[in-house]
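Here's the structure, in structure tokens; my notes come after.
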Amino acid sequence: MRTLRSVALAFGVLIVGMALGISLVKDPAAQPQALESQIPRHEGSTEDGAADPPPQTPAAANSAEGSDELDSPEVAAVRFLELTEDVVQLSPEAGAEMQRSIASENASDRLATDVSDLLTQLQKDVPEGVAVHLAPLSLSSVETSTGWDVSIWYVEVIVYGDQLAVEQWRTATYSLVDENGEWRMANLKSSDGPVPTRPASVVGWSATSLTSAIAGFDDEVLLP
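The sequence shown begins at 5 in the numbering used here and counts up one residue at a time.
In structure tokens:
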């Protein structure tokens with residue numbers, strides 16, 4: 005296999021509406037910043053002494069009302085982004101189908117082809133496989149004439165086999181449209197940054213050390 009530093013896969017955007025920012029970087033010194041999820045606590049009790057149920061968020065209330073209720077575009081965009089972790093484990097054909105399942109009718113062929121091509125190249129250059137761990141940091145959304153544009157600033161750690169673990173800070177902007185009561189991805193733009201300055205004392209871990217350290221960790225309860 006060619007060295008990871010010389011592969012120069014210009015993925016820039018692995019568009020699985022979900023997956024993006026998969027690229028081999030020239031600087032392997034990378035270590036993910038720790039993220040802490042803070043969940044508001046609800047205090048109080050009912051008259052019989054039982055704890056009050058936690059207040060529902062708008063998204064949770066929508067879900068409780070019925071599956072036909074349209075989620076917010078922000079929630080949909082974050083879910084698409086999170087699919088990055090899954091799609092890099094798929095074959096090009098399966099990845100393309102996953103992309104089609106979230107894409108708009110007009111964009112499905114284009115986006116599915118992009119995903120298939122990128123996964124084919126990825127599996128050719130990194131036959132040992134790639135694992136992605138990511139976390140959204142913040143987002144902004146703007147209503148457009150056709151739907152919503154949701155920009156998500158996030159950090160991800162990409163592990164290339166047992167060779168290299170790389171940290172990336174990126175912003176992904178999803179263009180979403182409502183089709184038959186579901187938010188669908190019509191387009192995606194991805195760019196580097198904003199990137200914080202890293203302390204000089206921080207030394208990146210090897211891929212095997214990082215993988216071993218995070219074994220057993222799960223982010224399913226941290227994100228929608």
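Backbone N, C-alpha and C define an ideal beta-carbon position, used for all residues, glycine too. Bear in mind the structure is a predicted one, so any value in this text is a computation, not a measurement.
Closer than 8 Å by C-beta to Leu143: which residues in its own chain qualify, once you throw out the five before and the five after it? Chain order, please.
Glu78, Ala81, Val82, Val154, Ser155, Ile156, Trp157
Please say whether Gln167 and Glu132 have beta carbons closer to each other than 9 Å?
yes
Nearest-angstrom beta carbon gap, Ser194 and Ala176 [assumed within contact, 8 Å]
5 Å
Quick check: what's the CA-CA separation for Gln125 versus Ala98?
15 Å
Say whether the stretch 217 to 226 touches the stretch 175 to 192, bearing in mind that this needs 3 or more beta-carbon pairs closer than 8 Å, one atom from each stretch.
no
Delimiting residues of the beta strand (DSSP E) encompassing Leu1:
The displayed coordinates of the chain run from 5 to 228. Any statement about residue 1 would go beyond what the structure contains.
Please identify the residue among Glu160, Ser179, Glu86 whose C-alpha is closest to the C-alpha of Val199.
Glu160
Going by DSSP in three states, Pro77 sits in which element: helix, strand or coil?
helix
Rounded straight-line distance, which links the Cα of Asp75 to that of Glu186:
8 Å
Just the Cα atoms here: how many angstroms apart are Pro140 and Glu224?
13 Å
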